[in-house]
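Sequential numbering from 1 applies to the sequence shown in the working numbering. Virtual Cβ for every residue (Gly too), placed ideally from N, Cα, C.
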Amino acid sequence: MARKISTPKTAVELQTDLGVVTIAIYEKEAPASSGAFLSQVRGERYDGGSFFRTVRPDNDRSEHPIEVTQALVREDGQPIAERPITHEDTSRTGLRHVDGAVSLPRAGLGTTSATSFFISIGAQPALDHGGQRNPDGQGFAVFGRVICGMDVVRRIQALPITADSPAPAMNGQILEKPVRILSARVTQARCAKG
Numbered sequence: 001m002a003r004k005i006s007t008p009k010t011a012v013e014l015q016t017d018l019g020v021v022t023i024a025i026y027e028k029e030a031p032a033s034s035g036a037f038l039s040q041v042r043g044e045r046y047d048g049g050s051f052f053r054t055v056r057p058d059n060d061r062s063e064h065p066i067e068v069t070q071a072l073v074r075e076d077g078q079p080i081a082e083r084p085i086t087h088e089d090t091s092r093t094g095l096r097h098v099d100g101a102v103s104l105p106r107a108g109l110g111t112t113s114a115t116s117f118f119i120s121i122g123a124q125p126a127l128d129h130g131g132q133r134n135p136d137g138q139g140f141a142v143f144g145r146v147i148c149g150m151d152v153v154r155r156i157q158a159l160p161i162t163a164d165s166p167a168p169a170m171n172g173q174i175l176e177k178p179v180r181i182l183s184a185r186v187t188q189a190r191c192a193k194g
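Here you go:
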């Protein structure tokens with residue numbers, strides 16, 4: 001039986017170089033992940049950050065390919081202090097990596113922070129609990145979903161990439177020109193009128 005998912009009341013509106021992206025936040029289902037993300041937003045750490053990475057069929061060499069785009073807080077300034085975030089896998093939260101799902105990246109369990117997030121382009125079940133993208137099968141922690149601006153996310157996803165990367169796993173996935181996040185603000189979970 002599928003778990004009933006709450007209707008989010010809180011959202012984060014990202015003003016980017018390419019337009020606005022609004023992310024509804026599932027505070028009830030993923031309190032640790034969403035709380036850490038909202039702390040970074042309230043601390044204005046995403047102001048001046050960017051969408052810097054895109055993973056898609058032409059640059060994903062994994063046995064279990066995915067399509068996502070990833071953002072990061074600005075490089076200067078002090079990070080918001082936080083403890084390692086408890087991993088809130090999709091089997092616990094009932095959330096899935098559907099089109100527009102917003103999740104926290106990680107290495108091992110308990111290694112993530114909310115200084116970065118990624119957005120799924122299309123359904124990405126390999127990222128869910130039991131999926132094979134991460135060797136431990138624990139998947140990634142969904143804490144939000146894009147409710148406005150997926151057209152902007154898809155434009156970011158299609159931008160030119162470079163072969164250069166500080167991390168070998170990201171070779172060929174870094175945007176030639178990152179898309180700046182001009183501001184990130186907490187708002188209500190609805191789309192702003194044009």
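- Following the DSSP letters along the chain, one finds Ser-103 inside the beta strand (DSSP E) bounded by residues 101 to 104.
- The Cβ neighbour count for Gly-139, taken over all protein chains shown within 10 Å, is at least 16; the residue is labelled buried.
- Contact between Ala-189 and Pro-31 fails: their C-beta atoms lie close to 16 Å from each other, not under 8 Å.
- Using a 10 angstroms sphere on the CB of Asp-128, the tally of other CB atoms reaches 16 or more, which defines it as buried.
- Counting other Cβ atoms within 10 Å of its Cβ, His-64 stays below 16 and is therefore classed as exposed.
- Distance from Thr-112 to Arg-106 at the Cβ level is roughly 4 Å; contact confirmed, criterion being Cβ atoms closer than 8 Å.
- The beta carbons of Val-186 and Val-21 sit no closer together than 9 Å.
- In this structure, DSSP gives Leu-18 a state outside helix and strand, which the three-state scheme calls coil.
- When the five nearest sequence neighbours on each side are left out, the beta carbons in the same chain lying within less than 6 Å of the beta carbon of Gln-124 are those of Ile-66, His-97, in order along the chain.
- Secondary-structure assignment with DSSP links Val-41 through no beta bridge to anything.
- For Ser-6, no beta strand (DSSP E) encloses it, and the DSSP letter there is neither H nor E.
- From the listed residues Thr-16, Val-68, Asp-17, the smallest Cα separation to Gly-122 is found for Val-68.
- Under the three-state reduction of DSSP, Arg-53 is assigned to strand.
- Here DSSP, grouped into helix, strand and coil, assigns Pro-65 to coil.
- Per the coordinates, the alpha-carbon of Ile-174 lies some 17 Å from the alpha-carbon of Thr-16.
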